[in-house]
Amino acid sequence: MDLFLERLISVVGREACLVRDEELFVYECDGMTVERTRPRAVVLPRDAEQVAGVVRACRAEGVPFVPRGAGTGLSGGAHAVAGGVLIECSRMKSILEINLADRLAVVQPGVVNADLSHAIRNHGLFYAPDPSSQQVCTIGGNVAENSGGPHTLKYGTTTNHVVGLEVVLPDGEIVRLGSQTGFAEGFDLVGAMVGSEGTLGIVTEITVRLTPIPEKIETLLCVFPDVVSACRAVGEVIGDGLVPAALEIVDQRTIRAVEDSMYAAGLDRDAGAILIAELDGAACVLPAQIDGVRDAARRNGATTVAVAQNDEERTKFWRARKGAFGAMGRLAPDLFVHDAVVPRAKLPEVLEKVCEIGDRYDLILSNVFHAGDGNLHPNISFDRRNPDELERVLKAGEEILELCVAAGGVITGEHGVGIEKRDFMKLVFSEEDMLPMHHLRDAFDPDRFCNPGKVLPSTRFCVESNPKARGYDAVPFA
Amino acid sequence: MSDIESIVRELEALVGSEGVRASATSLLGVEAPFEISPADGKTLARVLELLLKNEASAVVRGGGTHDELGNQLGPVAVALSTRQLEGIEEFVEQDGVVRVRAGTRVSELRSSVESSGWDVALDTAGLSPSDTSTVGGTLAAGAFGARRLGYGPPRDCVLGLDVALATGERTHCGARVVKNVTGYDLQKLYCGSMGSLGVIEAAWLRLRPLPERVASLVAHIDSPGDPVGATLGLSIARRSTARSVALLDSDSASAIGLPSSESSAGVGFSLVVEFAGPSVAVDEDVSWTRAHCEADSAPDGVIDALSALPTSVPGIVARLAMLPSAVSRCVGELQASGAAVVAHPGLGLVHTVWSSGEGAPSDERSIVREVGRIASSVRATFRFERMPVRQREAPDIDVFGNLERGQLQLMRALKQKYDPSGVLNPGRSAGHI
């Protein structure tokens with residue numbers, strides 16, 4: 077074994093340093109599975125000191141490193157770098173402190189998102205950011221991606237709930253950023269760190285705010301003749317001054333896929349689209365909010381508006397949304413899940429054009445999306461063993477991104493840039509726009525050891541990737 | 052550095068005569084005899100390029116409401132004003148988003164969107180139409196007022212920013228959409244950076260629905276077990292429509308026109324509360340509050356007066372931020388030191404004022420040390436929002452408190468990248484950066 081690997085072992089211990097091919101194989105990719113790179117080693121540190129030791133060892137050897145949580149990311153942000161080390165944080169999984177009086181928790185990065193909410197539920201609190209992968213994904217990964225979820229509309233994303241971080245910088249120094257008080261002085265380095273996709277350092281401790289569980293939750297299921305009508309209803313709900321906890325739309329193709337699967341929820345297969353609206357808060361305000369959503373839905377052609385009468389019915393309403401991606405596995409072997417955002421007011425026209433793109437390229441395209449945020453997930457079911465179909469999928473994907481940006485939107489609302497969309501950053505930002513992003517990265521990691529090749533397009537990194545060679549078979553957890 | 056007047060002549064060629072004003076501005080201990088006001092972003096960038104070329108610096112000003120916030124400035128050639136960068140560029144009513152130029156007054160923006168049922172979650176010095184704070188200045192300072200509890204931090208309403216760098220590039224970050232993880236979140240970095248990393252030209256902001264009802268209450272705290280009212284205040288702050296919850300001692304209450312509070316506990320704290328939201332929920336929260344203390348309707352304008360208080364009272368003004376559970380103890384220690392106090396228990400914030408008048412420098416230094424000591428004892432961060440110039444000049448004083456070495460190193464590295472020649476607000480930020 078070479079001296080570098082021995083040095084890693086001296087930091088984390090033999091059992092926490094994976095070097096054999098059969099051990100490294102499962103770390104060749106994250107949720108973006110087509111592009112794969114085998115790391116030189118995978119280490120599983122237990123604390124910040126071990127992370128720092130690994131980083132210093134890598135620096136001394138000139139080896140790049142990549143932090144990784146649960147590996148559920150869909151943009152390749154946790155893909156290893158050729159010849160590099162993967163620093164896997166799953167052993168750092170302790171909830172270090174729960175402060176009920178001040179509604180704060182301190183956690184290690186490997187704590188599973190849903191586990192934190194579970195730990196505090198009996199105290200009437202929860203951790204608000206709820207990505208669809210929350211049963212698996214980690215808080216550290218959430219910090220890297222600034223994760224949101226269906227309830228982002230009301231509760232915001234991870235950046236709105238993190239007040240402090242402990243970080244191992246790319247030079248191996250350990251620093252504390254932010255403050256438990258939420259009023260740290262100086263530059264907002266926590267804000268800059270959240271969503272930086274593991275390129276500015278490795279988070280080893282996170283202080284988060286906890287949110288009171290709402291007094292009451294009401295869930296509505298509205299059935300529409302088509303997706304555009306549902307989008308217009310969403311626009312009116314927001315325009316009327318309501319802030320629901322969630323507004324999710326599922327189109328007909330997805331409904332039928334769900335009803336043909338084990339996730340069947342008894343939905344009308346001929347429904348053009350369904351809108352799931354969740355309202356929460358003080359019980360006294362919800363009746364008026366229900367009326368507001370119902371009225372907006374009816375004005376826009378909803379044929380049915382149902383209010384869940386109990387938890388069982390609420391679960392049934394959500395099944396079409398939460399089972400959507402699993403159900404699509406029956407349509408074709410592979411699934412290309414897009415993630416883009418457009419201004420809400422542009423949703424109807426953009427959706428029409430997205431469907432037109434799918435038809436023009438003769439693809440099975442379905443739509444499931446966070447309509448309240450304007451966050452689209454056009455999903456293309458295909459077989460990547462068919463090179464012609466793969467080519468059409470990629471071209472359609474590029475057109476969809478260009479369409480969304482032209483409508484005033486952006487190329488990713490929650491999956492991140494990673495590798496997948498690095499080369500599409502130029503659709504949104506000019507070279508001048510990216511200059512301060514390079515400044516930020518250079519201030520933290522001038523030598524680009526930490527997760528190089530992600531987020532910012534450049535020719536000076538180790539990783540090169542041709543997006544046209546990619547197909548996508550990720551079954552997303554978004 | 053070239054002669055200031057020759058620099059100003061070059062600047063006048065860029066901004067025109069209407070963009071140059073002789074100014075008696077004295078900011079943070081330095082004189083800025085001229086104020087330069089570019090009328091658009093392109094001119095702003097050229098002004099910055101010219102300053103860079105001449106190795107000159109500028110202090111950046113919005114509405115001037117936080118002119119006294121910051122460390123001692125280094126030498127500057129001019130004040131760079133966003134006065135002419137004003138106007139609402141786009142208002143998307145249906146989406147509740149607006150694009151506004153940095154020099155636009157927050158009060159003007161608010162009045163423009165209110166008629167459509169929207170509100171701006173920025174409250175620097177109250178919601179009064181006479182408030183002069185600008186959108187850009189508010190964001191750059193990360194400033195907020197008494198409604199911070201309900202509005203959240205200013206950075207949370209920012210969707211995107213147009214920023215001119217000290218090196219002359221015009222850049223944008225973020226976008227007009229409410230959910231976005233495309234690239235780095237530079238908006239967060241710029242907000243609260245005291246204009247040290249770039250000059251905000253314009254912003255995309257997310258609006259929030261105007262509340263259906265607003266109700267304000269005032270009560271006198273009279274509970275031996277909770278003499279400051281921090282426990283009650285925290286409970287009220289956690290009601291769903293609470294937008295502002297403040298505890299004021301007698302001096303602070305007098306400063307905003309409230310009668311002094313007398314109580315059996317002899318401490319004399321007043322509780323001021325504002326609820327905002329759906330009528331039925333506001334009514335519920337008002338009823339709950341009245342069930343727990345004897346509260347009356349508050350006089351009009353009292354919350355606005357609270358917002359303006361830190362920047363309107365003379366003396367040394369400090370803001371301490373701690374966990375809510377530490378507020379009561381902090382207030383007790385500050386009162387014992389002779390300071391006036393306003394506490395926001397829901398936020399864990401305490402504003403404190405020592406009236407200085409004819410105070411000796413040694414007295415001022417004692418106050419500075421005492422704030423640091425109390426902050427340390429309750430594990431608070433702190434800043435001085437107002438401090439005599441002669442104290443600012445002391446090299447061992449940082450008005451933003453004592454930041455960790457690692458954090459300061461990162462800040463210096465960022466400043467070196469974004470503004471290598473120190474064109475913008477030299478020395479003003481934490482760490483004298």
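Order-wise, the sequence lines are chains A and B. Under our numbering, the first sequence has 98 at position 22, and the numbering climbs by one with no breaks. Under our numbering, the second sequence has 375 at position 324, and the numbering climbs by one with no breaks. For glycine and all other residues, C-beta sits at the position ideal for the given N, C-alpha and C.
Item to check | chain B contact residues for A:Gln126, given Cβ-Cβ distances below 7 Å | outcome: In chain order: nothing, as chain B lies at least about 19 Å away.
Item to check | Residue span of the alpha helix (DSSP H) that contains A:Asp435, given as start and end | outcome: 423-436
Checklist entry - Name the chain A residues that come within less than 7 Å of B:Met373, Cβ to Cβ? => result Thr257
Item to check | CB contact below 8 Å: A:Ser272 versus chain B | outcome: yes
Checklist entry - So, helix, strand or coil for B:Cys344, using DSSP? => result coil
Checklist entry - Would you say A:Pro409 reaches chain B, if we count a Cβ-Cβ gap shorter than 8 Å as a contact? => result no
Checklist entry - So is B:Lys93 in contact with chain A if we call contact Cβ pairs under 8 Å? => result no
Item to check | Candidates A:Ala156, A:Leu94, A:Pro409: closest to A:Glu104 by CA position | outcome: A:Ala156
Next on the checklist: Just verifying my parser: in three-state terms, what is the DSSP assignment at A:Glu242?
Outcome noted: strand
Checklist entry - Which residues, in order along the stretch 319-338 of chain B, keep a beta-carbon less than 8 Å from a beta-carbon of chain A? => result Gly328, Pro329, Val331, Ala332, Glu335
Checklist entry - Where do the ends of the alpha helix (DSSP H) carrying B:Ser163 lie? => result 157-165
Item to check | For B:Thr116 and B:Ala153, believed in contact at Cβ under 8 Å, the rounded distance | outcome: Their Cβ separation, rounded to whole angstroms, is 14 Å, which puts B:Ala153 and B:Thr116 out of contact at 8 Å.
Item to check | Sequence-distant residues of its chain with Cβ nearer than 6 Å to A:Asn376 (five each side left out) | outcome: Ser305, Arg308, Ala309
Checklist entry - When you check each C-beta in the stretch 342-362 of chain A against every C-beta of chain B, which residues fall closer than 9 Å? => result Gly357, Ala358, Cys360, Val361
Next on the checklist: Between the alpha carbons of A:Ile476 and A:Ala447, how many angstroms are there, rounded?
Outcome noted: 17 Å
Checklist entry - Hey, A:Ala92 and A:Gly153: beta-carbon distance below 8 Å or not? => result no
Checklist entry - What does A:Thr228 touch in chain B if you count any residue whose Cβ is under 8 Å from its own? => result Lys230
Checklist entry - Of all Cβ atoms in chain B, is any one closer than 8 Å to the Cβ of A:Asn218? => result no
Checklist entry - Taking C-beta to C-beta, are A:Val369 and A:Ala353 nearer than 8 Å? => result yes
Checklist entry - Does DSSP put A:Asn455 in a helix, in a strand, or in coil? => result strand
Next on the checklist: Here's the rule: buried if 16 or more other CB atoms are within 10 angstroms of the residue's CB, otherwise exposed. What is A:Gln256?
Outcome noted: buried
Item to check | Exposure label - A:Pro143; buried when at least 16 CB within 10 Å | outcome: buried
Item to check | Extent of the continuous alpha helix (DSSP H) to which A:Ile331 belongs | outcome: 328-335
Item to check | Pick from B:Cys208, B:Arg479, B:Met245 that is closest to B:Val228, judged by C-alpha positions | outcome: B:Cys208
Checklist entry - From the beta carbon of A:Met404, is the nearest beta carbon of chain B less than 8 Å away? => result no
Checklist entry - Exposed or buried, what is A:His194 when buried is set at 16 or more other beta-carbons lying within 10 Å of its beta-carbon? => result exposed
Checklist entry - Going along the chain, which unbroken runs of the beta strand (DSSP E) with 3 or more residues stay wholly within the stretch 242-317 of chain A? => result 250-254, 278-285, 292-300
Next on the checklist: Taking the alpha-carbon of B:Arg420 as reference, which of B:Lys230, B:Asp447, B:Pro471, B:His395 has the nearest alpha-carbon?
Outcome noted: B:Asp447
Checklist entry - Which residues in chain B sit within 9 Å of A:Arg319, going by Cβ to Cβ distance? => result Residue identity differs from the one stated: residue 319 of chain A is Val in this sequence, not Arg. By Cβ distance, chain B contributes Arg259, Pro260.
Checklist entry - How should A:Arg461 be labelled, buried or exposed, when 16 other C-beta atoms within 10 angstroms of its C-beta is the threshold for buried? => result exposed
Checklist entry - Out of curiosity, what's the CA-to-CA distance linking B:Ile58 and B:Leu475? => result 16 Å
Checklist entry - Residues of chain B with CB under 9 Å from A:Thr501, in chain order? => result In the sequence as presented, Thr is not what sits at residue 501 of chain A; that position holds Met. Those are Thr233, Gly234, listed as they occur along chain B.
Next on the checklist: For the alpha helix (DSSP H) containing A:Glu99, name the first residue and the last one.
Outcome noted: 97-100
Checklist entry - Where A:Ile456 and A:Val326 are concerned, what is the direct C-alpha to C-alpha distance, given to the nearest angstrom? => result 14 Å
Item to check | Strand pairing of A:Ile366, partner residues [DSSP] | outcome: According to DSSP, A:Ile366 bridges with nothing at all.
Next on the checklist: Can you pull out the residues from the stretch 235-262 of chain A whose beta carbon lies closer than 8 Å to at least one beta carbon of chain B?
Outcome noted: Thr235, Asn236, Leu245, Glu249, Ile250, Val251, Arg252, Leu253, Ser255, Gln256, Thr257, Gly258, Phe259, Ala260, Glu261, Gly262
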